[in-house]
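Participant:
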Amino acid sequence: MSTATAVSRTVSATQRVASWLKHLGISEYAFDDTISLVNPLLTVHRLHAQVIAKVQETPSACTLVLQAGPAFAGLTPGQYVMVGVSINGTRCRRAYSPRSVNGSADRFAITVQRQAHGKVSNHIHDRIKVGDVIEIEQSAGEFTLPTPAPSQVLMMAGGSGITPIMSMIEHLKRTQSSTRITLVYFARSEADRIFAESLSRLAKEWPQLNYQPVVSEAFTGDQTVPQPALSQTLLDDRMPGWRGVSSYCCGPAPLMDAARAIWQEAGLTAHLKLEAFAPNRPTGDANARHQIRIQRGEQAMAFDAPGNQTLLESGEKAGHALKHGCRQGICHECTCRLNSGSIKDLTTGEQIDGNGQTVRLCVTTALSDLDMQALS
Ligand SMILES: Cc1cc2nc3c(=O)[nH]c(=O)nc-3n(C[C@H](O)[C@H](O)[C@H](O)COP(=O)(O)OP(=O)(O)OC[C@H]3O[C@@H](n4cnc5c(N)ncnc54)[C@H](O)[C@@H]3O)c2cc1C
Ligand code: FES
């Protein structure tokens, strides 16, 4: 019997046992908790992965190579995986963009950039070590290539935004795709450029990759000066003909805003796919005091929210334990129904006037007093 057949039989046997136990009133999570005492990689609902290598990529970015259990269903290049770690007894989840290791379905790498004061990124850098087991979820996300892949693509990355794009490039190379790729990759300096060596090597041996590294900051004397960012002129220079190809962009907010504006002006928004790692920060009036009321079952929570905080932040600052998971608009655990009042959705910039719509507290800021109902 092949290893793949043995693995798939183990998974289906484990899933069958979990489903029988569910019939007997024993929850699937209780089953997972029990089996994880034997081997955490064998869980079927709350998935785990073991760190099998840790590599420092740049002074502020490290890669974890992870071995997932057989119930992990694999990934499409460009997707994200939610990773959960326990920090001081609190379970924290964040999204990271995995790259398959040699096309394997259950072995992948995530590369994590330290964020100033960031809870999870610094924990991964400072505390997670080879041999540790962390929680993962099945991969998800729409930032992926179509099938079949287009004949030509333009990819734009800034900083750690290279991770989903690298996953797609490695996949195209591995599958011997005929797609021609132009990669415009912004980094503050060569030392900060994640995968710099691998990309240079790949571009030398694979003529289909037109690699265009751009340094986005320069030191002149004791000053740091921003260099020309993404613009039509830069694109015309690095990839004449960019208007006719499918384009992908992932990076910090100014890069994404520039891409959005360029493609909008060219009337080509349908050709551009964007992936944001962090929603825009709220920029409303810090002195505003909108009165927020959230009903959860019998419990009513009331707090004030200024215009420069998300509703999740304001509620927590007022001492309420608001249900949440990822804090970045992905898991929907903070979803509430907006019965009345107006909010701004930070992921789209849209204003929503309450009429029973669902909104996520972690990516929402108040524009008026609000009446809401928690949904989970
Ligand atoms: C779909 C998706 C894929 C992602 N893939 C990756 C990846 O492959 N590699 C990676 O390093 N990160 C990735 N991220 C970002 C990651 O999920 C976390 O947001 C990041 O690691 C920061 O988490 P933290 O707990 O350290 O910071 P938090 O404690 O959540 O935040 C601390 C502070 O840092 C700011 N901040 C948080 N994230 C960013 C950011 N990206 N840029 C600028 N400021 C930020 C916050 O606004 C806050 O002020 C991805 C995010 C998404 C939504
Ligand atoms: S906490 Fe995950 S969507 Fe808000």
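Each residue of the sequence shown is one higher than the one before, starting from 30 at the first, in the numbering used here.
A virtual CB, placed ideally from N, CA and C, is assigned to each residue, including glycine.
Helix, strand or coil for residue 359? Go by DSSP, reduced to three states.
Facilitator: coil
Participant: Examine ligand 1 and report whether any of its heavy atoms sits within less than 7 Å of the Cβ of residue 338.
Facilitator: no
Participant: For residue 90 and chain B, any beta-carbon pair shorter than 8 Å?
Facilitator: Note that chain B does not occur in the displayed structure, where there is just one protein chain.
Participant: Could you tell me which residues DSSP pairs with residue 374 in its beta bridges?
Facilitator: 393
Participant: Which of helix, strand or coil does DSSP assign to residue 332?
Facilitator: strand
Participant: Pull up the distance between the alpha-carbon of residue 123 and that of residue 355, whole angstroms please.
Facilitator: 5 Å
Participant: Let me check one thing: in DSSP terms, what residues is residue 92 bridge-paired to?
Facilitator: Checking the DSSP bridge columns, you'll see residue 92 partnered with 84, 140.
Participant: Please report the Cβ distance between residue 388 and residue 367, rounded to the nearest whole angstrom; I am assuming they are in contact, meaning their Cβ atoms lie under 8 Å.
Facilitator: 5 Å
Participant: Is it the case that the CB of residue 355 approaches a heavy atom of ligand 2 more closely than 7 Å?
Facilitator: Checking every heavy atom of ligand 2 against the Cβ of residue 355, one is found closer than 7 Å.
Participant: Between the region 292 to 303 and the region 339 to 356, do at least 3 Cβ pairs fall closer than 8 Å?
Facilitator: no
Participant: Curious, which full-length beta strand (DSSP E) runs of at least 3 residues does the region 223 to 290 contain?
Facilitator: Within the region 223 to 290, the complete beta strand (DSSP E) runs of at least 3 residues fall at 238 to 244, 246 to 249, 252 to 255, 275 to 279.
Participant: When the distance is taken between beta carbons, is residue 370 closer than 8 Å to residue 358?
Facilitator: no
Participant: If you draw a straight line from the C-alpha of residue 184 to the C-alpha of residue 152, how long is it?
Facilitator: 30 Å
Participant: Can you name the residues that DSSP bridges to residue 119?
Facilitator: Its beta-bridge partners are 116.
Participant: Can you tell me whether residue 271 is buried or exposed, with buried defined as 16 or more other CB within 10 angstroms of its CB?
Facilitator: buried
Participant: Measuring only the C-alpha atoms, how far is residue 300 from residue 288?
Facilitator: 11 Å
Participant: Can you tell me the Cα-Cα spacing of residue 273 and residue 214, whole angstroms?
Facilitator: 20 Å
Participant: In chain order, what are the residue ranges of uninterrupted beta strand (DSSP E) at least 3 long that sit wholly in the region 146 to 197?
Facilitator: 162 to 165, 181 to 187
Participant: Report all residues from its chain with a CB closer than 6 Å to the CB of residue 398; omit the five preceding and five following residues, and keep chain order.
Facilitator: 319, 320, 370
Participant: Taking its Cβ as the centre, do 16 or more other Cβ atoms sit within 10 Å of residue 199, making it buried, or is it exposed?
Facilitator: buried
Participant: Does residue 125 pass the burial test, meaning 16 or more other C-beta atoms within 10 Å, or should it be called exposed?
Facilitator: buried
Participant: Reducing DSSP to helix, strand and coil, say where residue 304 ends up.
Facilitator: strand
Participant: Thinking C-alpha only, which one of 97, 353, 175, 349 is nearest residue 110?
Facilitator: With distances taken between Cα atoms, residue 110 lies closest to 97.
Participant: Run the CB neighbour count on residue 77, radius 10 Å, all protein chains shown included, and call it buried at 16 or more, exposed below.
Facilitator: Residue 77 comes out buried.
Participant: Just to check my reading of the structure: residue 188 and residue 103 have Cβ atoms closer than 8 Å, yes? What is that Cβ distance to the nearest angstrom?
Facilitator: 27 Å between Cβ atoms; not a contact.
Participant: At what residues does the beta strand (DSSP E) containing residue 369 begin and finish?
Facilitator: Per DSSP, the unbroken beta strand (DSSP E) holding residue 369 starts and ends at 364 to 369.
Participant: Candidates 160, 99, 94, 317: which alpha carbon is nearest residue 71's?
Facilitator: When each option's Cα is compared against that of residue 71, the closest is 99.
Participant: Quick check on this structure: which residue in 314, 172, 238, 396 has the alpha carbon closest to the alpha carbon of residue 202?
Facilitator: 238
Participant: Ordered along the chain, which non-local residues of its own chain (more than five positions away) have a Cβ less than 8 Å from that of residue 396?
Facilitator: When the five nearest sequence neighbours on each side are left out, the beta carbons in the same chain lying within less than 8 Å of the beta carbon of residue 396 are those of 313, 319, 336, 370, 371, 372, 373, 380, in order along the chain.
Participant: Within its chain, find whatever has a CB closer than 6 Å to the CB of residue 186; leave out the 5 residues flanking it on each side and keep chain order.
Facilitator: 194, 214, 279, 280
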